[in-house]
Amino acid sequence: MKEIIQDLSYSELEELILSLGEKKFRARQLAGGLTKGKRISEISTLSKDCKAKLLERFEDAPVVIKERFTSSDGTEKFLFSLADGNLVEGVAMRYKYGVTQCVSTQVGCRMGCAFCASTLHGLIRNLTAGEILAQVLLVNALLSSENTANAASEGGMSVKSARAVTNVVLMGSGEPLDNYGNTVKFLRNVTAKEGPGISARNISLSTCGLVDKMYALAEEGIPLNLTVSLHATTDEERRRIMPVARAWPIGEILKACQNYFEKTGRRYYFEYTLIAGENSDEAHADALIRLLRGKPCHVNLIRLNAVKERTLSPAAEKEAYRFLGRLEKGGLSATLRRQMGSDIGGACGQLRAGYLEKQGEDRA
Ligand code: SAH
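Once you know that position 211 of the sequence shown is 922 in my numbering, the rest is easy, because the numbers rise by one and skip nothing.
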């Protein structure tokens, strides 16, 4: 595999351009083209000679959109293929304020959570920073070209900024903090003003709770929304569904969250997936209240997206609303998230798992 140019920071692009004997301002043209989701070969402001030199060393298209699925609720799911043929997936969710894109950080995952499809085949490899970034660049380019086309067809020429993706969540396949260096590099490049310039405040990083890395992240000076996948109220119950709980107890996770808050001033978030018969009755709601009351945090509840390879099933909708009501009454800030895109395999890792299975069937 050749190198990935989207891995480079702006100053690294400048060094690269100078090393090729080009003028420094070409770095801006290169960065501008890449930020628009272009391939090296498509950047018309660069000379043929310059592009040829770049292409000797770098992949022209390290990530491509292989398939696109649109859900009845407008959610879009993308299957990306990487230069080595590996597949990862991403989701773009449309909200009133813009588009939130969910990106993958690893091919597969080694965390082994009992409800998650991403981990079914273990970890294949880490994504590079540029492979994570390219997911954002490609989807942004696609959606913004469609926005511009729609606005033009409606006679509205007032679209100043064509940027479509406004928010990024690291909640696709993989554990971002298990790919720490590349994830942090991605965060620096995606927030850079010479790149997409997405504000760190509009970025959420979700972790299953790798406590040592949560402390490290707090020192990076990136004020993003730190989200921990909690899913249980005691270590014993958590260990049943999340092997990582054997390494890090909930108490340590809460201390690392508090540290994150003190260092960044940002409140933190918990993901709590409601699983029937496991963690969604009133006693669990009360235990969660006792655990989190008074802390600067918000709880995102979501009903499990049933994964067919797994035996766990979602809590009933009524039970989910009852759980939410109880948390709120108990003084927690909480929301029950809509299950978006479940008709197109919206749950983490389901699309790739389905695809791999289909490939297996095709081969058989
Ligand atoms: N590894 C990270 C980020 C990826 S998973 C983490 O664990 O947070 C993103 C979120 O989706 C996590 O909260 C995860 O627990 C949740 N998730 C995974 N599979 C799910 C499913 N089948 N239904 C509902 N949520 C799921």
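Ideal placement from N, C-alpha and C gives every residue a C-beta, glycine not left out.
Straight-line Cα distance separating residue j from residue i
{"i": "residue 1042", "j": "residue 1004", "result": "7 Å"}
{"i": "residue 868", "j": "residue 874", "result": "The predicted position of residue 868 is uncertain, since its pLDDT is 49 and thus under 50; a value taken from the coordinates is nonetheless stated next. Their backbone Cα atoms lie some 15 Å apart in a straight line."}
{"i": "residue 801", "j": "residue 960", "result": "30 Å"}
{"i": "residue 926", "j": "residue 967", "result": "6 Å"}
{"i": "residue 1047", "j": "residue 788", "result": "21 Å"}
{"i": "residue 1014", "j": "residue 1038", "result": "15 Å"}
{"i": "residue 899", "j": "residue 957", "result": "31 Å"}
{"i": "residue 1033", "j": "residue 778", "result": "38 Å"}
{"i": "residue 803", "j": "residue 764", "result": "34 Å"}
{"i": "residue 904", "j": "residue 861", "result": "27 Å"}
{"i": "residue 730", "j": "residue 761", "result": "11 Å"}
{"i": "residue 713", "j": "residue 728", "result": "18 Å"}
{"i": "residue 974", "j": "residue 888", "result": "18 Å"}
{"i": "residue 1019", "j": "residue 1011", "result": "23 Å"}
{"i": "residue 726", "j": "residue 805", "result": "38 Å"}
{"i": "residue 864", "j": "residue 747", "result": "22 Å"}
{"i": "residue 1036", "j": "residue 782", "result": "29 Å"}
{"i": "residue 1049", "j": "residue 902", "result": "28 Å"}
{"i": "residue 1028", "j": "residue 736", "result": "56 Å"}
{"i": "residue 941", "j": "residue 720", "result": "33 Å"}
{"i": "residue 928", "j": "residue 934", "result": "10 Å"}
{"i": "residue 871", "j": "residue 969", "result": "Only weak support is given to the placement of residue 871: the predicted model assigns it a pLDDT of 42, under 50, and the value that follows is read from those uncertain coordinates. Those two C-alpha atoms are separated by around 40 Å."}
{"i": "residue 823", "j": "residue 786", "result": "27 Å"}
{"i": "residue 906", "j": "residue 884", "result": "24 Å"}
{"i": "residue 882", "j": "residue 998", "result": "26 Å"}
{"i": "residue 1002", "j": "residue 913", "result": "27 Å"}
{"i": "residue 776", "j": "residue 732", "result": "33 Å"}
{"i": "residue 965", "j": "residue 795", "result": "39 Å"}
{"i": "residue 983", "j": "residue 948", "result": "13 Å"}
Identity of the residue in the options nearest residue i by Cα
{"i": "residue 767", "options": "743, 715, 749", "result": "715"}
{"i": "residue 1007", "options": "1028, 811, 1045", "result": "1045"}
{"i": "residue 1026", "options": "775, 995, 727", "result": "995"}
{"i": "residue 1016", "options": "1010, 829, 725, 908", "result": "829"}
{"i": "residue 847", "options": "877, 832, 822", "result": "877"}
{"i": "residue 790", "options": "721, 850, 906", "result": "850"}
{"i": "residue 752", "options": "769, 736, 738, 933", "result": "769"}
{"i": "residue 1094", "options": "981, 909, 746", "result": "What is shown of the chain runs 712 to 1075, which leaves residue 1094 out entirely."}
{"i": "residue 890", "options": "965, 907, 918", "result": "918"}
{"i": "residue 920", "options": "724, 943, 901, 721", "result": "943"}
{"i": "residue 886", "options": "1001, 912, 815", "result": "815"}
{"i": "residue 981", "options": "965, 1009, 989", "result": "1009"}
Own chain partners of residue i with C-beta closer than 7 Å, once the 5 adjacent residues on each side are dropped
{"i": "residue 972", "result": "978, 979, 1007"}
{"i": "residue 1021", "result": "825, 826"}
{"i": "residue 946", "result": "956, 960, 961"}
{"i": "residue 724", "result": "738, 741, 742"}
{"i": "residue 852", "result": "747, 748"}
{"i": "residue 993", "result": "1037"}
{"i": "residue 844", "result": "717, 897, 900, 901"}
{"i": "residue 931", "result": "895"}
{"i": "residue 807", "result": "none"}
Cβ shell of residue i (< 6 Å), same chain only, five flanking positions each side left out
{"i": "residue 915", "result": "880, 936, 938"}
{"i": "residue 744", "result": "754"}
{"i": "residue 963", "result": "922"}
{"i": "residue 832", "result": "819"}
{"i": "residue 718", "result": "839, 840, 841"}
{"i": "residue 1024", "result": "987, 1017"}
{"i": "residue 924", "result": "888, 891"}
Heavy atom of ligand 2 within 7 Å of residue i beta-carbon
{"i": "residue 1020", "result": "Ligand 2 is absent from the structure shown, which contains only ligand 1."}
Own chain, CB closer than 8 Å to residue i, minus 5 neighbours either side, in chain order
{"i": "residue 750", "result": "771, 772"}
{"i": "residue 793", "result": "773, 774, 799, 818, 838, 842"}
{"i": "residue 797", "result": "818, 835, 836"}
{"i": "residue 809", "result": "875, 876, 877, 878"}
{"i": "residue 740", "result": "754, 756, 757"}
{"i": "residue 991", "result": "985, 1026, 1030, 1031, 1034"}
{"i": "residue 722", "result": "none"}
{"i": "residue 911", "result": "898, 902, 933, 934, 935"}
{"i": "residue 1000", "result": "1037, 1038, 1041, 1042, 1043"}
{"i": "residue 821", "result": "830, 833, 834, 886, 889"}
{"i": "residue 976", "result": "934"}
Given 8 Å, three or more beta-carbon pairs between the region 752-760 and the region 845-858: These segments do not touch.
Pair every Cβ in the region 948-959 with every Cβ in the region 894-904, then say whether three or more of these pairs are closer than 8 Å. Flag = no, the region 948-959 and the region 894-904 do not touch.
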